[in-house]
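Following: one structure in structure tokens, then a few remarks.
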Amino acid sequence: MIQDFKIVKSSRRSISIRILPDGTIEVRAPKYIPEFAIKAFVKSKTEWIEKRLALVKKHQPKTKKFVKGERFLYLGNEYELLLGPYVAIETNDDKLQFPLGMVSRGKHHIEKWYEGEARAIIKSLVDEYSKNLDLPYKSISFSDTKSKWGSCTTDNRLQFNWRLIMAPLLVIRYVVIHELVHTIHKDHQAIFWNKVRQVNPSYKQQIKWLKTNGEKLQNI
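The sequence shown maps to residues -3 to 216 in the working numbering.
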């Protein structure tokens, strides 16, 4: 029986199960549903969960070794790792220049670089669309949440997953618009999606990209 899972309650109307890229089982349920009912639902889906977990494990990304030739995503493009006597991590044509002195803690340094790039680029996009659409926000922060790419609190504090910096700029733009629209529409009713569509007519393509390629953004 499946016993290790995370419960997320909200104002939704039904129970759903999601298997995250790291193998976490996330159960989303209405606030009024008791825990015993949630456990019973999970038990009834044991076969499906086990199949999904097997697929996730099979496709889990391999940890980077930070050797010449490895490829890293940045703004939707792949860059070939190039080690050398560089003073900072930088992109140059189709290469990701990486200082030899950072290799021993490669994962730490590349994550810090990604986060720094995300802070600069995403903050710029948020400010641009906040001003153009007259959708003010209270604050912006960055994290590495596994279950969502962005969020907006009831008092309009925005949070974004810095791993988005690996996605194409159009995808990042969609997530920014999505969360800014939440400053005036807190749920996903038709009025919310109509506003998103008004600003970003091709938003469904970006949603599809994230669903198809989201796991790749965990590959560091």
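We put the beta carbon where it would ideally sit given N, CA and C, even for glycine.
Item, Value
"With a 10 Å radius around its C-beta and 16 neighbouring C-beta atoms as the bar for buried, classify T179 as buried or exposed.", "buried"
"At which residues does the beta strand (DSSP E) containing Q93 begin and terminate?", "91 to 95"
"Going by alpha carbons, who is nearest to K39 out of S12, P26, P17?", "S12"
"Between Y199 and the rest of its own chain, which residues show a CB-CB distance below 7 Å, the 5 nearest in sequence each way excluded?", "Y170, V192, R193"
"Start and end of the alpha helix (DSSP H) containing T125?", "According to the sequence provided, residue 125 is Tyr. The question's Thr does not apply to it. Taken as a continuous stretch (DSSP letters only), the alpha helix (DSSP H) holding Y125 covers 102 to 129."
"What would DSSP say about T87, mapped onto helix, strand or coil?", "strand"
"Quick one: what does DSSP say Q194 is sitting in, helix, strand or coil?", "helix"
"Quick one: residues in its chain with C-beta nearer than 8 Å to the C-beta of H184, no 5 flanking neighbours on either side, listed in chain order?", "none"
"In chain order, what are the residue ranges of uninterrupted alpha helix (DSSP H) at least 4 long that sit wholly in the segment 139 to 206?", "165 to 177, 186 to 195"
"Beta-carbon within less than 6 Å of A25's beta-carbon, same chain only, minus the 5 sequence neighbours each way: which residues are those?", "K5, I11, I34"
"Could you give the C-beta distance for T42 and I(-2), rounded to a whole number, given that I count them as a contact under 8 Å?", "6 Å"
"According to DSSP, simplified to helix, strand and coil, what is V235?", "Coverage of the chain is limited to positions -3 through 216, which leaves residue 235 absent and any answer about it impossible."
"In this structure, how does DSSP classify L71 when only helix, strand and coil are distinguished?", "coil"
"Compute the beta-carbon to beta-carbon distance between I168 and I118, rounded to the nearest angstrom, for a pair I have assumed lies under 8 Å.", "6 Å"
"Going by C-alpha to C-alpha distance, which of F1, W205, F68 sits closest to L49?", "F1"
"Return the chain-ordered list of same chain residues with a C-beta closer than 8 Å to the C-beta of F138, the five sequence neighbours on each side being excluded.", "E111, A114, R115, I118, Q155, F156, N157, W158"
"Please determine, among E86, D123, L121, the residue with the shortest C-alpha to C-alpha distance to H105.", "E86"
"Could you tell me the distance, in whole angstroms, from the CA atom of N190 to the CA atom of A163?", "24 Å"
"Quick one, are the C-beta atoms of Y75 and K91 less than 8 Å apart?", "yes"
"Judging by CA-CA distance, which residue of E175, D18, T208, D89 is the nearest neighbour of C148?", "E175"
"Run through DSSP, which three-state label would E76 get?", "strand"
"Could you check the C-alpha separation between H181 and K54 for me, to the nearest Å?", "38 Å"
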